[in-house]
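Under our numbering, residues 167 to 515 are what the sequence shown spells out, in order.
We put the beta carbon where it would ideally sit given N, CA and C, even for glycine.
Inspection log for the structure reproduced underneath, given as structure tokens.
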Amino acid sequence: MIGIVYKKKFIVMATALMLIAVILTGCRIIPHSRFNVRQYVFKKYGLWNISISKESEEKDGADVWTVVDKKNDVEFSVTDLFNLGHDGYYLTDDYEFSLVMNKSDILLDGFDEFECVDNSDNPYYPVKFEFHYKNLADLRKRCDELEEIYRRLSKMNSEVAVTYSSILDFSFKEDVNNKLPDVDLDDADISFKKSCGKNVGDEIYNEIKLYYVWHAYNYQWPVFLDDITEKDIEEMLAYEHMIHVSVVNADETEELIPDVISYRCWDLTFGSLYLLLKEKGFDVTGYATHYTVLAPSGIEYEFSYDFYDGDGIYVLADGEKTFLRNYDDDFYISTEEIEEFFGLDLNVR
Numbered sequence: 167m168i169g170i171v172y173k174k175k176f177i178v179m180a181t182a183l184m185l186i187a188v189i190l191t192g193c194r195i196i197p198h199s200r201f202n203v204r205q206y207v208f209k210k211y212g213l214w215n216i217s218i219s220k221e222s223e224e225k226d227g228a229d230v231w232t233v234v235d236k237k238n239d240v241e242f243s244v245t246d247l248f249n250l251g252h253d254g255y256y257l258t259d260d261y262e263f264s265l266v267m268n269k270s271d272i273l274l275d276g277f278d279e280f281e282c283v284d285n286s287d288n289p290y291y292p293v294k295f296e297f298h299y300k301n302l303a304d305l306r307k308r309c310d311e312l313e314e315i316y317r318r319l320s321k322m323n324s325e326v327a328v329t330y331s332s333i334l335d336f337s338f339k340e341d342v343n344n345k346l347p348d349v350d351l352d353d354a355d356i357s358f359k360k361s362c363g364k365n366v367g368d369e370i371y372n373e374i375k376l377y378y379v380w381h382a383y384n385y386q387w388p389v390f391l392d393d394i395t396e397k398d399i400e401e402m403l404a405y406e407h408m409i410h411v412s413v414v415n416a417d418e419t420e421e422l423i424p425d426v427i428s429y430r431c432w433d434l435t436f437g438s439l440y441l442l443l444k445e446k447g448f449d450v451t452g453y454a455t456h457y458t459v460l461a462p463s464g465i466e467y468e469f470s471y472d473f474y475d476g477d478g479i480y481v482l483a484d485g486e487k488t489f490l491r492n493y494d495d496d497f498y499i500s501t502e503e504i505e506e507f508f509g510l511d512l513n514v515r
């Protein structure tokens with residue numbers, strides 16, 4: 167009996183201490199009301215012409231309010247979640263997702279290269295405008311169209327911000343005997359949050375163009391090199407986040423190779439390796455897309471963007487297949503393999 171009393175006292179004290187901790191840290195310990203939901207929606211999106219369900223509905227242990235944006239005739243949800251590490255009760259919503267997905271026919275009317283993509287796995291960017299392009303001229307057109315899409319969205323709600331992503335319609339499988347699985351140079355990672363209603367066409371174009379030039383130069387692929395200028399390359403090489411390549415000498419000093427870059431810090435493309443080997447005085451024959459080089463060991467290595475089979479990317483070492491330790495099948499060779507083949511200790515950063 168005494169044990170039960172102590173147990174009850176312990177539970178009461180623990181609960182009291184938790185409540186005190188919650189209060190001292192400023193956490194909200196009371197669920198949000200219907201009025202709070204109205205305040206939240208107005209503060210975040212400027213929505214005042216709305217209707218809110220009289221009562222919340224419990225879903226997965228949380229209170230969910232149904233809200234209708236009467237201006238745009240869009241229904242969405244506001245959810246009251248609780249997390250002690252997130253200031254107690256807090257509100258979240260799916261308005262941006264609901265608005266864009268429900269009005270996609272209007273937003274994208276006339277723009278066949280675009281689609282509204284469900285990105286709800288990302289808590290910050292639940293929906294995005296995704297488009298495809300083939301070259302810089304095509305990209306320029308897409309960016310102008312995207313600006314108009316943002317303008318349309320701004321008329322619906324100027325407080326909404328939506329991400330975008332671009333996909334360069336190129337893969338080695340189309341240009342290299344259809345041997346390579348789908349591999350996009352730009353795998354849609356170029357995604358930035360943009361506010362609607364701004365003149366963002368030029369800004370978006372310049373952002374994506376930087377990556378386009380980066381990839382073109384990195385791979386040394388002729389069809390893309392023909393699409394960019396020397397000025398484009400100079401601006402790309404001067405980009406503050408560019409990944410440069412240095413050779414580490416025996417005395418631990420480093421020699422920067424200014425014209426050689428990478429897109430990752432642990433490997434180089436076949437094209438960038440070609441530039442590096444030429445710069446370091448190796449006996450290289452051929453072009454950046456297909457070349458042979460004599461290594462210090464006396465082995466002749468052959469590299470080509472055609473060297474792929476069902477087992478992966480490979481090079482020829484004295485005519486024999488040597489598969490590379492490549493995880494993505496996109497014609498990169500690791501810095502470890504470069505040192506193993508050619509004795510070059512690289513610092514890529």
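Check                                                                               : Outcome
CA-to-CA distance, Phe248 to Gly227, given in whole angstroms                       : 9 Å
For Gly509, three-class secondary structure by DSSP                                 : coil
Candidates Thr435, Met402, His407, Lys446: closest to Glu421 by CA position         : Lys446
Arg204 versus Val293: straight-line alpha-carbon distance, rounded                  : 23 Å
Distance between Tyr330 and His198 (C-alpha atoms, nearest Å)                       : 33 Å
Anticipated Cβ contact below 8 Å, Ser222 with Asp246, distance rounded              : 7 Å
Pairwise C-alpha distance: Leu434 and Phe508                                        : 13 Å
Contact between the segment 410-417 and the segment 482-498 (3+ Cβ pairs under 8 Å) : no
Residue interval of the alpha helix (DSSP H) (run including Asp304)                 : 302-322
Top-ranked residue by Cα proximity to Trp387, from Val459, Trp432, Asp287, Tyr440   : Tyr440
Three-state secondary structure (DSSP) of Gly169                                    : Confidence at Gly169 is low in this model, with a pLDDT of 49, below 50, so the placement of that residue is unreliable and no value is reported for it.
Simplified DSSP state of Val326, which is helix, strand or coil                     : coil
Distance CB(Gly437)-CB(Tyr480) smaller than 8 Å                                     : no
Lys210: first and last residue of the uninterrupted alpha helix (DSSP H) it sits in : 200-211
Option in Leu257, Glu224, Lys269 with minimal Cα separation from Val240             : Lys269
Reduced DSSP category for Trp387 - H, G, I as helix; E, B as strand; rest coil      : coil
Leu265 beta carbon less than 8 Å from that of Ile315                                : no
Element boundaries [alpha helix (DSSP H), containing Phe263]                        : 261-268
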